[in-house]
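A.B. asks: Pasting in a structure now, in structure tokens, and then I'll have a few things to ask.
Protein chains in written order, with my numbering: chain A, 1 to 178; chain B, 1 to 201.
Take a look at the structure:
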């Protein structure tokens, strides 16, 4: 079985020839392009009947909380700083961009993106936009803080206060416990 | 048929993707991610269950459209890629029909759906069957009344656009949406396989 190690992150990637499924660390995974991700973000943003942005962020939080917990376990990351390193590497390995956790505490924190699949994909497809589009990463960040501090999902509020899609050099996510 | 599906699946399933130093995966003329299938399924399922009966059709159209645009641009990137040229192109005899068969072998190899074309009327109609696909994972017990393979629908229509919709248009203004796809059977609904019929829009 192929195992790819990137610094501290351990990724166990497998292909099952019977059902032709790919898994990463045991979870079914799939390739998609920036057209798909940005159109999902646009759908979430445009959805007026329900809060589509919140829905996408919540789905991301639910999904990534499991993936992060699993990645910490498989990578043997027990200390907070190791888990943060693994989380940043997992984000990059999935192709979502380059994440930097600036600071993290049980009550609050700040996370920045130096590069972003969703933001740069949006710019490539439609050009810049003055409002955030990276609801998926808001969910990832919420999942990270919940997992780091042993709290359930929906324990943190994440607000994107600066965005690459709007022309900022880095995206910024401000995290506060609810 | 000229396409050796087993050989294509065996070779293409080994292609690895990983983020570069910027955490991005450029490839096939697009940026790619490798994300948990649960993310895409979760959003699609929760959205279509919550919008209400009046708006389900509109929500589903948008989900299918996301895949249609993805399939059109990424599909073009795949069939013009170095990997395709090395593995699939040498098997192609009849254009574009063999390209379509090859595309579904790649579709299978990359985990989107274990699928194949079962009927193809050039320029007019294609029927695809999927014997395993991640979109059916929305149901883990019982049967849904809702056919939910939006991604397969969109990509199937896109592949026919690429085959018979004229030259590839990077702006997506011509060619894209020449065809549309409806789903007639679904594993998520208790059927043995998913079935998808593509015809001119």
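The beta carbon of each residue, even a glycine, is placed where N, CA and C say it ideally should be.
All values derive from a computational prediction rather than experimental measurement.
#1: Report buried or exposed for residue 159/A, applying the criterion of at least 16 other Cβ atoms within 10 angstroms of its Cβ.
#2: Inspect the beta-carbon positions of residue 64/B and residue 33/A and report whether they are closer than 8 angstroms.
#3: Distance, Cα to Cα, residue 176/B vs residue 113/B?
#4: Considering only residues of the same chain and omitting the five flanking positions on each side of residue 172/B, which have a CB-CB separation below 8 angstroms?
#5: Taking the beta strand (DSSP E) that residue 106/A falls in, what are its first and last residues?
#6: Return the CA-CA distance between residue 126/A and residue 41/A, expressed in angstroms with no decimal places.
#7: Using 10 angstroms around the beta-carbon of residue 102/A, count the other beta-carbons present and answer buried if the total reaches 16, otherwise exposed.
#8: Going by beta carbon distance, what residues of the same chain come within less than 6 angstroms of residue 136/B, once the five residues before and after it are set aside?
#9: Measuring only between beta-carbons, confirm whether residue 145/A sits less than 8 angstroms from chain B.
#10: Exposed or buried, residue 122/B, counting other C-beta atoms within 10 Å across all chains shown (16 or more means buried)?
#11: Applying a beta-carbon distance threshold of less than 7 angstroms, which residues of chain A neighbour residue 118/B?
#12: Does any residue of chain A have a CB that is nearer than 8 angstroms to the CB of residue 144/B?
#13: Since I believe residue 115/A is in contact with residue 98/A (beta carbons under 8 angstroms), could you give me their beta-carbon distance rounded to a whole number of angstroms?
#14: Counting only the same chain and skipping the five closest in sequence on each side, list residues whose C-beta sits under 7 angstroms from that of residue 82/A.
#15: In or out: residue 82/B buried (at least 16 other Cβ within 10 Å) or exposed?
C.D. replies: So, to answer that:
#1: The residue you call residue 159/A lines up with position 159 of the first chain. So residue 159/A ends up on the exposed side.
#2: Here residue 64/B is taken as the residue at index 64 of the second chain, counted from 1. Here residue 33/A is taken as the residue at index 33 of the first chain, counted from 1. At the C-beta level, residue 64/B and residue 33/A stay beyond 8 angstroms of one another.
#3: As a first step, residue 176/B is located in the second chain; it is residue number 176 there, counting from the start. As a first step, residue 113/B is located in the second chain; it is residue number 113 there, counting from the start. The straight-line gap from Cα to Cα measures roughly 22 angstroms.
#4: Working through the second chain from its first residue, we reach residue 172/B at position 172. If we look at residue 172/B and ignore the five residues flanking it on each side, its Cβ neighbours are 69, 72, 73.
#5: The residue labelled residue 106/A in the question sits at position 106 within the first chain. Taken as a continuous stretch (DSSP letters only), residue 106/A belongs to no beta strand (DSSP E), as it is neither H nor E.
#6: If you number the first chain from 1, residue 126/A lands on position 126. If you number the first chain from 1, residue 41/A lands on position 41. Near 13 angstroms, if we compare the C-alpha coordinates of residue 41/A and residue 126/A.
#7: Residue numbering aside, residue 102/A sits at position 102 when the first chain is read from its first letter. With fewer than 16 Cβ atoms within 10 Å of its Cβ, residue 102/A is classed as exposed.
#8: Counted from its first residue, the second chain places residue 136/B at position 136. Same-chain partners within the cutoff: 187, 188.
#9: Position 145 of the first chain holds residue 145/A. With 8 angstroms as the cut-off, residue 145/A does not count as an interface residue toward chain B.
#10: Residue 122/B sits at position 122 when you count from the first residue of the second chain. Label assigned to residue 122/B: exposed.
#11: For the purposes of this step, residue 118/B is taken as residue 118 along the second chain, with counting starting at 1. Within chain A, no residue comes near residue 118/B; the closest Cβ sits about 17 angstroms away, beyond 7 angstroms.
#12: The residue labelled residue 144/B in the question sits at position 144 within the second chain. Not one chain A Cβ lies under 8 angstroms of residue 144/B.
#13: For the purposes of this step, residue 98/A is taken as residue 98 along the first chain, with counting starting at 1. For the purposes of this step, residue 115/A is taken as residue 115 along the first chain, with counting starting at 1. Right, their Cβ atoms sit about 4 angstroms apart.
#14: On the first chain, residue 82/A is found 82 positions in, with the first residue counted as 1. Closer than 7 angstroms at Cβ, skipping near neighbours: 8.
#15: Reading the second chain from its first residue, position 82 is the one you call residue 82/B. With fewer than 16 Cβ atoms within 10 Å of its Cβ, residue 82/B is classed as exposed.
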